[in-house]
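Below: one structure, written as structure tokens.
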Amino acid sequence: MLERIVHYFQTLEQHPLQRMAFLVGGLLFFWMIESAIPLLQLTYKKNKLQHALVNFTFTIFHLIIHTFLAILIVLLSDWCKSNNFGIVYWLQLSTVATIVACFLVLDFFGGWLVHIVEHKVPFLWRFHVIHHSDNAVDVSSGLRHHPVESVVRGCFFFMGILVSGAPMYAVMIFQTLLIIATAFTHANMKLPAKLDNLLSYLLVSPNMHKVHHHWKRPYTDSNYGAVLAIWDRLFGTVTKLDPSQIKYGLDNYYPNEKDEDIWLLLRNPFQKKKRED
93 MLERIVHYFQ TLEQHPLQRM AFLVGGLLFF WMIESAIPLL QLTYKKNKLQ
143 HALVNFTFTI FHLIIHTFLA ILIVLLSDWC KSNNFGIVYW LQLSTVATIV
193 ACFLVLDFFG GWLVHIVEHK VPFLWRFHVI HHSDNAVDVS SGLRHHPVES
243 VVRGCFFFMG ILVSGAPMYA VMIFQTLLII ATAFTHANMK LPAKLDNLLS
293 YLLVSPNMHK VHHHWKRPYT DSNYGAVLAI WDRLFGTVTK LDPSQIKYGL
343 DNYYPNEKDE DIWLLLRNPF QKKKRED
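Per the working numbering, the very first residue in the sequence shown carries number 93; after that it's consecutive.
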């Protein structure tokens, strides 16, 4: 069974339609759930579908960029294997231990670390703010990243592969679960409070991530995790806020009526701005 799983994910990068199925399937699944049990009553500029199409436009850019990044990911993973470079080779880990170790390292570099750096480095914040400018955070909001940010996140992901020595099956297992987790954490769905709180001790839960999208600091600068919540708890970057008090968007950067203006969002980061509180 384990061998079949490893074989499937080892070659998944070669099957873009199957990867797309995970993306679309996750979106549709949580789309239905958030429609049935919404956390907040969101106000869309036009309607939910139009909002999703705006955010999906950013995903198209990301998928184009990822096509090129994927080549480097495969080359880097193969280089680590050929040179026995990385944690999994230094410690001679078993297959299961390799999956776990790589998941931890990739989630740290490609999830938590890159995220906090984007908040702390003004130049990178200009691009990441596009993600925060969404005034109606729902399942489609996880797709909303400026193309330059996609490249930045790719660079940090390369670091994670280099440190871990991640073989391709471990890389693809992480990326597949990351796709699902991103849809889960952004979905506008109301879980039982106790369940959401319990999940947040290990995984980034919907309510935990919604706090990160609150318009006002210090809430915006907290809860940076992608899949695992352990990094925020380990480094003391967890904050809590009742969902009823959450307000999305960042009025200091984009007028609320412009948060779905795709071309404005694409070009504005190239205009230097001072971060305000």
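A virtual CB, placed ideally from N, CA and C, is assigned to each residue, including glycine.
Proximal residues to residue i (C-beta, below 6 Å), its chain only, five neighbours per side dropped
i: H207; result: Y316
i: M260; result: Q102, S169
i: I338; result: K302, H306
i: A285; result: none
i: L164; result: none
i: T274; result: G234
i: P130; result: N280
i: C194; result: S256, A258, A262
Coil, strand or helix - residue i by DSSP
i: P130; result: strand
i: L283; result: coil
i: L291; result: helix
i: Y311; result: coil
i: H211; result: helix
i: Y316; result: coil
i: L104; result: helix
i: W217; result: helix
i: H305; result: coil
i: L94; result: helix
i: E368; result: Any reading at E368 is ruled out, since the residue's pLDDT is 49, under 50, leaving its predicted position unreliable.
i: F362; result: helix
Cutoff 7 Å; reference residue i; Cβ partners in own chain excluding five residues on either side
i: D248; result: Correcting the residue type first, residue 248 is Phe in the shown sequence and not Asp. Correct list, in chain order: F201, G202, L205, V206.
i: N227; result: Y340, G341, N348, D351
i: T151; result: L235
i: P310; result: T331
i: G257; result: C172, F177, G178, I179, V180, Y181
i: M300; result: S292, N315, A321
i: L33; result: Outside the displayed range of the chain (93 to 369) lies residue 33, so it cannot be described from this structure.
Residue span of the alpha helix (DSSP H) that contains residue i, given as start and end
i: I265; result: 260–278
i: F153; result: 140–174
i: S186; result: From DSSP, S186 is part of no alpha helix (DSSP H); its letter is neither H nor E.
i: H237; result: Where H237 is concerned, there is no enclosing alpha helix (DSSP H), given that its DSSP letter is neither H nor E.
i: W323; result: 322–327
i: I354; result: 354–359
Spatial distance of residue i from residue j (CA atoms)
i: L333; j: I157; result: 35 Å
i: M93; j: Q110; result: 20 Å
i: S242; j: V296; result: 21 Å
i: V221; j: H107; result: 32 Å
i: L119; j: K282; result: 16 Å
i: E95; j: K308; result: 47 Å
i: W355; j: V244; result: 20 Å
i: L185; j: L326; result: 24 Å
i: T190; j: K138; result: 46 Å
i: G117; j: I271; result: 10 Å
i: R359; j: M112; result: 27 Å
i: H99; j: S336; result: 45 Å
i: A262; j: V188; result: 10 Å
i: A162; j: H304; result: 29 Å
i: F160; j: M264; result: 16 Å
i: P214; j: I253; result: 26 Å
Inter-residue CB distance, residue i and residue j (contact presumed, cutoff 8 Å)
i: S232; j: F148; result: 7 Å
i: V319; j: D199; result: 5 Å
i: E126; j: A279; result: 5 Å
i: V197; j: V255; result: 6 Å
i: F362; j: T268; result: Not a contact, Cβ separation roughly 33 Å.
i: D313; j: H238; result: Contact doesn't hold; Cβ gap of about 19 Å is too wide.
i: V240; j: F219; result: 5 Å
i: L134; j: S225; result: Not a contact, Cβ separation roughly 15 Å.
Close Cβ partners of residue i (< 8 Å) along its chain, the five nearest in sequence each way excluded
i: Q142; result: Y136, E352
i: I322; result: L294
i: D288; result: S297, P298, N299, M300
Check: residue i C-beta below 6 Å from any heavy atom of the ligand FMN
i: I125; result: Summarising the ligand content, the structure contains no ligands, and the ligand FMN is consequently not present.
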